[in-house]
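J.:
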Amino acid sequence: MKKYIKILGIASLGLVASCTDDFIENDPYTERTEDNFYQTPEDAFEGLVAAYDILQREGYGGFLLTSEIASDNCFGGFGTADNQVSLEWDRFQFGSDLEMNRPVWEICYTGIYRANILLENLEGINWEGNEDLRTQYEAEAKFLRAHYHFELARMFGDIVPLDHTLSPEEFESPRAPAEETYALIAEDFRFAAENLGDENYSLNNSPDYGRVTKWAAEAYLAKAFLFYTDYYEASDLAGVVSRQEVTAYINDVVNNSGHELIDDFSRLWLAASMENYVGEGNAEMVWAIRYNSSGNGNWDLNEGNRFQVNIATRGSNLGPYAYGWGGAPVNPELYNAYAVGDTRRDATIINYDEEGLEFDNDSRGQRQHTGLSWKKYAPITNEAGEAVVAANGGDIQIDGFEDYAVIRFSEVLLMAAELNMDSDQGFAQECLDRVRARAFQDDAHSIAVTKENIMEERRLELALEGKRYFDLIRWSLQRAKEAIDNSGDGSQFDVTFRTETNGWFPIPQSQILLSNGAIEQNPGW
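According to full-length UniProt numbering, the stretch in the sequence shown is residues 1 to 525, in order.
Okay, structure coming up:
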């Protein structure tokens with residue numbers, strides 16, 4: 001009998017009583033199945049592409065948008081006429097819609113499933129003369145599997161880690177302790193770091209831009225290490241990678257990767273630089289999820305960035321900024337946290353008044369209008385005042401084309417500063433100084449290498465890139481509460497972080513039901 005595998009939370013298991021045994025046992029005549037597909041290295045490459053393909057499915061309710069709204073960087077926003085969901089989002093309540101983050105759950109587990117399918121079929125392929133290619137594909141698939149697990153674990157806490165496709169007997173698996181999940185994450189990233197070549201795919205026009213590298217794996221190990229050891233108060237990464245080892249990995253990226261800071265921070269972001277945009281294939285991008293507008297309005301494809309429209313200017317085009325739904329308006333506290341002379345503020349955030357743009361909120365219907373919105377990732381207009389995406393034949397909702405920067409070299413430098421702080425303060429200081437010097441365009445703004453200063457520098461450098469919320473909860477739940485709680489600006493801006501949730505988002509209720517109770521809801525929900 002053919003084995004068709006279901007992943008937890010993606011499909012339900014059913015039986016068709018009228019099917020005959022012959023129908024069940026006969027091979028499909030025209031369709032490619034798991035049993036007849038993985039025969040050649042070319043087949044394996046298609047399987048690898050399928051695991052990568054899931055990366056592009058960021059959209060409403062996705063990881064980046066949810067994490068920024070949950071932090072102190074943004075409020076919920078969207079429109080005054082929108083439904084109750086947006087009213088609850090920034091208040092960390094999710095009371096009427098525990099399905100809000102179902103897309104993250106389903107997308108990540110789909111990616112894990114596709115990676116596992118490939119990994120389980122590598123042995124059956126004839127790799128004669130292509131043994132190195134087999135190792136490369138294994139390393140890339142394990143990197144992607146670790147990435148998907150890490151996104152799930154940071155949002156939902158204890159999850160169901162999967163290093164294989166599930167048998168029917170495992171469909172109702174309970175969540176595992178965090179140490180088990182992070183051990184798998186660490187092993188996968190370490191395998192990728194040790195088995196991928198030292199190519200740098202950030203170079204302009206590289207045909208492999210978007211694929212993972214040794215340098216991305218080493219940097220990701222540091223991200224996982226810092227989150228796990230801080231949040232769970234551990235001394236190492238789930239018994240797999242020590243502090244000394246992960247420090248050597250991140251220092252390797254700093255010293256040997258060929259990645260570097262772009263001279264002008266604003267040139268990293270299309271809406272902040274326009275004609276001076278450095279382009280997506282630049283030396284600062286250690287790893288980015290690549291998008292393009294080739295879908296041309298086809299909702300069956302996932303080529304475009306579906307995130308951008310959510311944070312775009314509410315209502316209609318305004319100046320150089322194309323319109324969208326006005327989600328996640330920026331908190332003035334973030335804008336005001338930048339010191340005088342810090343070039344990152346105006347490259348990160350749109351201040352409509354300061355830029356001479358009249359935002360008539362009576363006509364636009366922006367909920368929680370702060371006068372500030374995202375410049376990072378903001379879609380733009382052309383010289384005729386048209387949204388570039390639409391002018392090129394695309395749909396503004398699904399054909400955004402700006403890549404999502406998962407790891408930039410500036411974050412590598414800040415992680416190196418944090419990991420070397422107690423063992424090599426001189427090198428740590430050098431790494432922190434490089435980020436500060438670029439931000440202020442001088443060498444006169446050095447600050448001491450302390451945890452407090454590094455975390456604040458991460459807030460300013462990496463704002464609106466999906467980092468802040470997880471930095472807060474790994475630092476401490478009390479610090480998260482102090483930063484996120486908001487009152488005194490009118491009831492619509494009141495936000496209360498509830499420490500009883502331990503910082504975790506609610507498990508989608510549908511997944512709890514599908515597990516037949518094996519998965520329990522997170523505390524506080």
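Glycine included, each C-beta is placed from N, C-alpha and C at the ideal position.
Measure the beta-carbon distance from Tyr-338 to Leu-432 and round it to whole angstroms, keeping in mind my assumption that it falls under 8 Å.
T.: Contact doesn't hold; Cβ gap of about 17 Å is too wide.
J.: In terms of alpha-carbon separation, which member of Ala-483, Gly-326, Leu-133, Glu-123 lies closest to Gln-366?
T.: Ranking the options by Cα distance to Gln-366, first place goes to Gly-326.
J.: Using a Cβ-Cβ cut-off of 8 Å, state whether Phe-150 counts as contacting chain B.
T.: Among the protein chains of the structure shown there is no chain B, as only one such chain exists.
J.: Just the C-alpha distance for Glu-58 and Asn-101, rounded to the nearest angstrom, thanks.
T.: Taking the straight line joining both Cα atoms gives about 12 Å.
J.: For Tyr-113, does the three-state DSSP call read helix, strand or coil?
T.: In this structure, Tyr-113 counts as helix in the three-state DSSP scheme.
J.: Quick one: Cα of Glu-386 to Cα of Ile-380, how far?
T.: Taking the straight line from one Cα to the other gives about 8 Å.
J.: Which same chain residues end up closer than 6 Å to Asn-302 when comparing Cβ atoms and leaving out the 5 residues on each side of it in sequence?
T.: Gln-56, Arg-57.
J.: Are three or more beta carbon pairs between the region 189 to 202 and the region 276 to 294 nearer than 8 Å?
T.: Because the criterion of three Cβ pairs below 8 Å is met, the region 189 to 202 and the region 276 to 294 touch.
J.: Helix or strand or just coil, what does DSSP make of Ala-339?
T.: It is coil, neither helix nor strand.
J.: Which runs of the alpha helix (DSSP H) fall wholly inside the region 284 to 323 and span at least 4 residues, in chain order?
T.: Runs found: 308 to 311.
J.: Assuming the contact rule is C-beta atoms closer than 8 Å, Ile-125 and Pro-41 should be a hit. Round their C-beta distance to whole Å, please.
T.: Ile-125 to Pro-41, Cβ: 6 Å. Contact.
J.: Would you mind giving the Cβ-Cβ distance between Gly-394 and Gly-304, rounded to the nearest angstrom? I have them listed as a contact below 8 Å.
T.: Rounded, the Cβ-Cβ distance is 7 Å, consistent with contact.
J.: Measuring straight from C-alpha to C-alpha, what distance separates Glu-151 and Tyr-352?
T.: About 33 Å.
J.: Exposed or buried, which one is Ser-132 when buried takes at least 16 other CB atoms within 10 Å?
T.: According to the sequence as given, residue 132 is Asp; it is not Ser. Counting Cβ neighbours within 10 Å, Asp-132 comes out exposed, since fewer than 16 surround it.
J.: Looking only at its own chain, which residues have a Cβ that is under 6 Å from the Cβ of Gly-319, when we skip the five neighbours before and after it?
T.: The answer, listed in chain order, is Leu-357.
J.: Which class does Arg-408 belong to by DSSP, given the choice of helix, strand or coil?
T.: DSSP places Arg-408 in strand when its eight states are reduced to three.
J.: Since Asn-255 is in the alpha helix (DSSP H), which residue starts that stretch and which ends it?
T.: Where Asn-255 is concerned, the enclosing alpha helix (DSSP H) stretches over 243 to 256.
J.: Only counting runs of 4 or more residues, tell me where the alpha helix (DSSP H) segments fall wholly within the UniProt domain "SusD-like N-terminal" (86 to 226), in order along the chain.
T.: Here the runs fully enclosed are 102 to 121, 131 to 156, 178 to 195.
J.: Which of the three DSSP states, helix, strand or coil, is assigned to Ser-515?
T.: Here Ser-515 sits in coil by DSSP.
J.: Going by DSSP in three states, Ser-510 sits in which element: helix, strand or coil?
T.: DSSP places Ser-510 in helix when its eight states are reduced to three.
J.: Count the other C-beta atoms from every protein chain shown that fall within 10 angstroms of the C-beta of Leu-513, then say buried if there are 16 or more, exposed otherwise.
T.: Classification of Leu-513: exposed, given that the 10 Å Cβ count is below 16.
J.: What distance in whole Å lies between the Cβ atoms of Leu-372 and Val-330, which are believed to be in contact at a cut-off of 8 Å?
T.: Contact holds; Cβ gap of about 4 Å.
J.: What are the start and end residues of the beta strand (DSSP E) that includes Asn-351?
T.: It spans 349 to 351 - the beta strand (DSSP E) in which Asn-351 sits, taken as one unbroken run.
J.: Between Gly-197 and Gly-79, what straight-line distance do the alpha-carbon atoms span, to the nearest angstrom?
T.: Their backbone Cα atoms lie some 47 Å apart in a straight line.
J.: With distances taken Cα to Cα, identify the nearest neighbour of Gln-478 among Gly-490, Ala-347, Arg-498, Arg-344.
T.: That would be Arg-498, whose Cα lies nearest to the Cα of Gln-478.
J.: Specify, as a first and last residue, the run of the beta strand (DSSP E) that Trp-374 falls within.
T.: It spans 372 to 374 - the beta strand (DSSP E) in which Trp-374 sits, taken as one unbroken run.
J.: Does at least one heavy atom of the ligand MG sit under 7 Å from the Cβ of Lys-376?
T.: This structure simply doesn't include the ligand MG, nor any ligand for that matter.
J.: Can you list, in chain order, the residues of its chain whose CB lies under 7 Å from that of Phe-493, leaving out five sequence neighbours each side?
T.: Within the same chain, Phe-493 has close Cβ partners Phe-75, Gln-368, Asn-486.
J.: In the DSSP output, what is Thr-229 paired with across the bridge?
T.: Answer is none; Thr-229 lacks a bridge partner.
J.: Enumerate in chain order the residues of its own chain whose CB-to-CB distance from Ile-159 is below 8 Å, with the five nearest sequence positions on each side excluded.
T.: Contacts found: His-149, Leu-152, Ala-153, Arg-175, Ala-176, Thr-181.
J.: Tell me the rounded alpha-carbon separation between Met-1 and Ile-54.
T.: Confidence at Met-1 is low in this model, with a pLDDT of 32, below 50, so its placement is unreliable and no value can be given for it.
J.: Leaving out five residues on either side along the sequence, give the residues of the same chain with a beta carbon under 8 Å from the beta carbon of Met-274.
T.: Pro-320, Ile-380.
J.: Let me know if residue 532 comes out buried or exposed under the rule of 16 or more other beta-carbons within 10 Å of its beta-carbon.
T.: In the structure as shown, the chain starts at 1 and stops at 525, and residue 532 therefore has no counterpart that could be examined.
J.: Quick one: using the 10 Å Cβ neighbour count with 16 as the cut-off for buried, is Phe-45 buried or exposed?
T.: That one is exposed.
J.: Any contact of the region 423 to 443 with the region 255 to 270, i.e. 3+ C-beta pairs under 8 Å?
T.: Yes: at least three Cβ pairs fall under 8 Å.
J.: Any idea what DSSP makes of Ala-387, helix, strand or coil?
T.: In this structure, Ala-387 counts as strand in the three-state DSSP scheme.
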